[in-house]
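Numbered as in numbering that gives the first Met the number 0, the sequence shown ends at 176 without a single skipped number.
In this text, a Cβ means the ideal position worked out from N, Cα and C, and glycines have one as well.
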Amino acid sequence: MGLYRALLRSATRYNYTEEEKFVLIKVIAMIKGLQVLMPRMETFFTEVIRRNIYGELQDFVQVILREPLRKAIKNKRDLIRRYVLYPLDLYNDSAHYALTVFRKQFLYDEVEAGVNLCFDQFVYKLSEQIFAHYKQLAASILLDKRFRVECVAIGTYLLAYPCANRYETLLKQRHLP
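Rendered as structure tokens:
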């Protein structure tokens, strides 16, 4: 250790001016000060890093992914219609075969129970979507117009007003045809 210090002293004595040595000592002192300060400020830095990551993630989701997600959802609606009706058609065929070909009431009862479960889950998912839609509509209506204008002016992303009559036809249904 003594030899290392001696080499270091002679290297700094001959290679640096007095002003550069002073600046070097100040930089080393600041590094040591940061070493003491960092553990104390860890919670603050952690919070700042989390907020920054959250902000970057929100920008990514709301700005970059917005259009691809809209296109995917638009294509998904057509698929959902097909996926909802196809299983019900299969249940219908199964019930028909249970009664006419196999002539077994218990098979028909099992198919009927499956249809009821499927339909209950469908109604549950649909009611969730309807509730979310009208909740967003109500929030959009209650949102202060000046605040909305200010957000648009500074470039903050706001969802457009949802279509008010999206589920109107469905909700007017009182009986099945």
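CB of residue i within 8 Å of CB of residue j, strictly
{"i": "Tyr107", "j": "Ala94", "result": "yes"}
{"i": "Ile129", "j": "Tyr166", "result": "yes"}
{"i": "Val110", "j": "Ala97", "result": "yes"}
{"i": "Thr11", "j": "Lys20", "result": "yes"}
{"i": "Leu23", "j": "Tyr13", "result": "no"}
{"i": "Phe121", "j": "Val83", "result": "yes"}
Proximal residues to residue i (C-beta, below 6 Å), its chain only, five neighbours per side dropped
{"i": "Arg69", "result": "none"}
Residue i: first and last residue of the uninterrupted alpha helix (DSSP H) it sits in
{"i": "Phe130", "result": "104-141"}
{"i": "Tyr53", "result": "41-58"}
{"i": "Tyr166", "result": "No alpha helix (DSSP H) holds Tyr166; DSSP gives it neither H nor E."}
{"i": "Tyr13", "result": "1-14"}
{"i": "Val100", "result": "It is not in any alpha helix (DSSP H) - Val100 carries neither H nor E in the DSSP assignment."}
{"i": "Ile153", "result": "144-153"}
Sequence-distant residues of its chain with Cβ nearer than 8 Å to residue i (five each side left out)
{"i": "Pro161", "result": "His132, Gln135, Leu136, Ser139"}
{"i": "Lys103", "result": "Ala97"}
Given residue i as reference, the closest of the options once Cα atoms are compared
{"i": "Ile159", "options": "Arg65, Phe21, Ala5, Leu6", "result": "Checking the sequence, you will find Ala at residue 159 rather than Ile. Residue Arg65 is the option with its Cα nearest to Ala159."}
{"i": "Thr155", "options": "Arg50, Pro38, Gln57, Ser126", "result": "Gln57"}
{"i": "Leu170", "options": "Val148, Ile153, Asp143, Ser126", "result": "Ser126"}
Query raised in the report: If you pair each beta-carbon of the stretch 105-119 with each one of the stretch 80-92, do three or more pairs fall below 8 Å?
Result: yes
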